[in-house]
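Residue numbers are given in our numbering: position 5 of the sequence shown equals residue 21, and the series is strictly consecutive. Even for Gly, the Cβ is constructed at its ideal location relative to N, Cα and C.
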Amino acid sequence: MKKYLILLERTRQGYLAFSPDLEGCTATGSTPEEAKQNIEQAIKAHLYWLAKDGLPIPPPRYRSSYIKVNA
Numbered sequence: 017m018k019k020y021l022i023l024l025e026r027t028r029q030g031y032l033a034f035s036p037d038l039e040g041c042t043a044t045g046s047t048p049e050e051a052k053q054n055i056e057q058a059i060k061a062h063l064y065w066l067a068k069d070g071l072p073i074p075p076p077r078y079r080s081s082y083i084k085v086n087a
C-alpha cells in the first residue's frame, strides 16, 4: 500500500483536492471531507488505469511540513 500526499484548496465553489505525485488527478467537493473522499476514489481509479495501460505507478515523493512565522 502506498501513501500519497493530498492537498486541499478552498475555492469559490467548495474544495479542490489533488496529489502532487499524480499529475492530473484531481477531485472536488462541497466540504473538505467530501473532497477527501472523492480524491481517494480518483486516486484509486488513476492508479488502476495506469497499471491497466502498462504505465509506471509514480512513487510517493512529496511530504508535508509546517513552519511558524510572525505575520
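By alpha-carbon positions, which one of the options ends up nearest to residue i?
i: methionine 17; options: Ile73, Asn86, Gly30; result: Ile73
i: threonine 44; options: Ala61, Leu21, Ile55; result: Ile55
i: glycine 158; options: Thr47, Leu32, Ser46; result: This structure cannot settle anything about residue 158, because the visible part of the chain is limited to 17 through 87.
i: glutamine 57; options: Phe34, Ser81, Pro75; result: Phe34
i: tyrosine 64; options: Ile22, Thr27, Leu38; result: Leu38
Would you tell me roughly how many angstroms separate the C-alpha atoms of residue i and residue j, rounded to the nearest one?
i: alanine 87; j: glutamate 25; result: 21 Å
i: alanine 61; j: arginine 79; result: 22 Å
i: tyrosine 20; j: serine 81; result: 14 Å
i: serine 46; j: glutamine 29; result: 7 Å
i: leucine 66; j: isoleucine 83; result: 35 Å
i: aspartate 69; j: glutamate 49; result: 30 Å
i: isoleucine 22; j: proline 36; result: 7 Å
Tell me, which residues are paired with residue i by DSSP?
i: alanine 33; result: Leu24, Ala43
Quick check on the DSSP output: the alpha helix (DSSP H) that includes residue i runs from which residue to which?
i: leucine 66; result: 48 to 68
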